[in-house]
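There are 2 protein chains.
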Amino acid sequence: MTAMPASQTKLGRPREFDSDYALEQAMRVFWAKGYEGASLTDLTEAMGITRSSMYAAFGNKDELFRRAVERYTEGPASYGIRALSEPTAREVAESILRGAAAASTSREAPHGCLGVQAALSAGDNGLTAQKVLVDWRQDGAARLESRFLRARAEGDLPETEDPRTLAAYITTVAYGIAVQAATGRSEAELLRVADVAMNAVTWSHG
Amino acid sequence: MTAMPASQTKLGRPREFDSDYALEQAMRVFWAKGYEGASLTDLTEAMGITRSSMYAAFGNKDELFRRAVERYTEGPASYGIRALSEPTAREVAESILRGAAAASTSREAPHGCLGVQAALSAGDNGLTAQKVLVDWRQDGAARLESRFLRARAEGDLPETEDPRTLAAYITTVAYGIAVQAATGRSEAELLRVADVAMNAVTWSHG
DNA sequence: GTACTTCCGTACCGATCGGTCCTGAAGTGA
DNA sequence: TCACTTCAGGACCGATCGGTACGGAAGTAC
Chain H
439 MTAMPASQTK LGRPREFDSD YALEQAMRVF WAKGYEGASL TDLTEAMGIT RSSMYAAFGN
499 KDELFRRAVE RYTEGPASYG IRALSEPTAR EVAESILRGA AAASTSREAP HGCLGVQAAL
559 SAGDNGLTAQ KVLVDWRQDG AARLESRFLR ARAEGDLPET EDPRTLAAYI TTVAYGIAVQ
619 AATGRSEAEL LRVADVAMNA VTWSHG
Chain R
439 MTAMPASQTK LGRPREFDSD YALEQAMRVF WAKGYEGASL TDLTEAMGIT RSSMYAAFGN
499 KDELFRRAVE RYTEGPASYG IRALSEPTAR EVAESILRGA AAASTSREAP HGCLGVQAAL
559 SAGDNGLTAQ KVLVDWRQDG AARLESRFLR ARAEGDLPET EDPRTLAAYI TTVAYGIAVQ
619 AATGRSEAEL LRVADVAMNA VTWSHG
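Residue numbers (the working numbering), protein chains in the order written: chain H, 439 to 644; chain R, 439 to 644.
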């Protein structure tokens with residue numbers, strides 16, 4: 439219904455607003471105010487469109503949030519995906535922690551991590567959004583676990599390290615860094631925290 | 439007006455409900471649903487009192503939240519204060535991390551940490567609550583920093599360790615553990631994470 | 001031009017939000 | 001008993017919530 443295949447013949451009046459820009463703005467509002475704290479008025483004003491246009495283009499608030507999270511993953515949180523392709527387990531972990539510190543304290547975006555703070559807890563109306571983010575965090579941890587599993591198979595991580603626990607540890611620190619950023623800590627401080635955190639693990643290299 | 443000194447002569451009809459119990463229930467609702475997600479209806483139903491009684495006893499939603507956070511500090515989060523009186527820096531840190539893992543995964547309470555998840559981000563109506571929790575987290579970190587400062591002075595922590603960074607690291611892991619608990623991780627997993635985290639620091643003892 | 005489709009803006013929907021007010025009952029001290 | 005105070009309950013407040021209906025304007029395909 440909403441997102442038709444682009445191959446279809448375009449009929450009628452074409453959309454006047456930039457859908458990507460609108461989604462970007464919605465993402466920022468959710469990031470700053472959380473799912474429940476972001477009202478339709480907040481969202482549409484930031485997106486520069488009316489309620490009608492938003493509902494026609496994205497369906498409803500839940501779907502808009504889902505799309506915003508996707509965009510967040512591909513945009514501000516893309517350091518996470520890039521980190522997975524670092525050559526060694528140590529560099530993967532370091533990229534994630536330093537990336538989290540940087541992304542959570544950017545001056546051009548809300549502090550903290552959308553994936554953590556937008557719906558950590560929720561009332562009845564926010565349960566869908568809460569589940570979206572639980573899945574988002576679980577998925578990220580699972581990818582990291584797979585990466586560490588591969589690293590161990592490649593001899594890149596000592597056999598004594600458990601990939602699941604290690605992935606849980608790194609994501610734990612990353613989430614904590616996001617909370618610290620939302621509490622007001624500076625990037626410099628959080629980079630030092632990331633450095634300390636790296637010492638917890640015996641890496642094969644580095 | 440609201441909270442008169444207890445020394446005053448008691449006049450009129452005495453309160454019929456248990457104020458402590460009511461506050462405990464309110465705390466749990468805020469813990470599970472967050473500040474904005476917890477409606478007055480949710481709160482008063484759990485507390486077993488009417489809106490009138492709540493407003494007479496606690497003032498308004500913001501004040502109720504403030505009191506609930508106080509109770510949280512003295513109750514479910516009391517492990518934090520107790521940890522500060524452990525004899526060595528290592529034991530302080532270990533008590534905090536293990537305490538966080540246990541408190542965040544209790545079967546008799548909502549998962550996660552009220553101080554983290556009840557208002558990490560907020561809309562306009564939740565800004566006061568958000569500030570309460572920012573202060574709460576900053577205060578906790580400051581106390582831990584003081585404790586580590588003392589530990590270093592007592593020769594209980596190597597001179598090479600910076601108390602501020604160390605306190606930031608430990609609280610970061612503790613917050614991360616709370617996020618993981620809200621994501622569904624088990625206590626056993628989080629205890630393993632806590633063990634890993636302890637290896638990041640060179641302690642004088644243990 | 002004409003038929004058709006989708007646009008956008010607005011007015012509006014019922015529900016719920018936090019908070020107030022009023023009333024009658026119930027307990028207090030003298 | 002009496003005056004006084006505070007209780008609990010529920011109706012009610014304006015504002016805002018997410019979401020919908022409608023209608024005129026504006027674009028496209030033929």
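Quick reminder that beta carbons are idealized off the backbone N, C-alpha and C, glycines included. Keep in mind that this is a model prediction, so the values were computed, not measured.
Own chain partners of residue i with C-beta closer than 7 Å, once the 5 adjacent residues on each side are dropped
{"i": "Met442(R)", "result": "Reliability fails at Met442(R), whose pLDDT of 36 lies under 50, so the model's placement of it is uncertain and no value is given."}
{"i": "Glu524(H)", "result": "Val530 and Ser533"}
{"i": "Val382(R)", "result": "With chain R covering 439 to 644 only, the question about residue 382(R) has no answer from this structure."}
{"i": "Arg581(H)", "result": "Leu522"}
{"i": "Thr566(R)", "result": "Asp500"}
{"i": "Pro596(H)", "result": "Thr640 and Ser642"}
Test item: CB-CB of residue i and residue j under 8 Å
{"i": "Ala606(H)", "j": "Ala579(H)", "result": "yes"}
{"i": "Glu559(H)", "j": "Lys499(R)", "result": "The residue you asked about is not Glu; residue 559(H) is Ser in the sequence shown. The answer is no: Cβ separation not under 8 Å."}
{"i": "Gly564(R)", "j": "Tyr473(R)", "result": "yes"}
{"i": "Ala589(H)", "j": "Val634(R)", "result": "no"}
For residue j and residue i, the rounded distance between their alpha carbons
{"i": "Leu522(H)", "j": "Ala612(H)", "result": "14 Å"}
{"i": "Arg623(R)", "j": "Ala619(H)", "result": "23 Å"}
{"i": "Ser490(H)", "j": "Ser490(R)", "result": "40 Å"}
{"i": "Thr640(R)", "j": "Ala494(R)", "result": "52 Å"}
{"i": "Ala547(H)", "j": "Met465(H)", "result": "10 Å"}
{"i": "Leu604(R)", "j": "Glu625(H)", "result": "15 Å"}
{"i": "Phe586(R)", "j": "Asp600(R)", "result": "8 Å"}
{"i": "Met636(R)", "j": "Ile615(H)", "result": "17 Å"}
{"i": "Val631(H)", "j": "Arg505(R)", "result": "32 Å"}
{"i": "Tyr459(R)", "j": "Lys569(H)", "result": "31 Å"}
{"i": "Tyr510(H)", "j": "Thr526(H)", "result": "26 Å"}
{"i": "Arg536(R)", "j": "Ile487(H)", "result": "49 Å"}
{"i": "Val617(R)", "j": "Thr598(H)", "result": "26 Å"}
{"i": "Trp469(H)", "j": "Gly513(H)", "result": "13 Å"}
{"i": "Val507(R)", "j": "Asp577(R)", "result": "13 Å"}
{"i": "Arg545(R)", "j": "Thr621(R)", "result": "15 Å"}
{"i": "Pro452(H)", "j": "Arg520(H)", "result": "36 Å"}
{"i": "Glu454(R)", "j": "Phe455(H)", "result": "59 Å"}
Own chain partners of residue i with C-beta closer than 8 Å, once the 5 adjacent residues on each side are dropped
{"i": "Arg575(R)", "result": "Gly553, Val554, Thr609 and Tyr613"}
{"i": "Ala515(H)", "result": "Ala541, Cys551, Leu552 and Gly553"}
{"i": "Ser457(H)", "result": "Ala495"}
{"i": "Thr543(H)", "result": "His549, Ala619, Arg623, Ser624, Glu625 and Leu628"}
{"i": "Leu478(R)", "result": "Arg489, Met492 and Lys499"}
{"i": "Gly414(R)", "result": "The structure shown does not extend to residue 414(R), since chain R is modelled only from 439 to 644, so the question has no answer here."}
Residue i, buried or exposed, once every other Cβ within 10 Å from all chains shown has been counted against 16
{"i": "Ala538(H)", "result": "buried"}
{"i": "His549(R)", "result": "buried"}
{"i": "Asp562(R)", "result": "exposed"}
{"i": "Ala591(R)", "result": "exposed"}
{"i": "Leu461(H)", "result": "buried"}
{"i": "Asp573(H)", "result": "exposed"}
{"i": "Gly518(H)", "result": "buried"}
{"i": "Leu571(H)", "result": "buried"}
Close-in-space but distant-in-sequence residues of the same chain around residue i (CB under 6 Å, 5 per side omitted)
{"i": "Met645(H)", "result": "No answer is possible for residue 645(H): the residues shown for chain H start at 439 and end at 644."}
{"i": "Arg602(H)", "result": "Glu583"}
{"i": "Leu502(H)", "result": "Ala464 and Phe496"}
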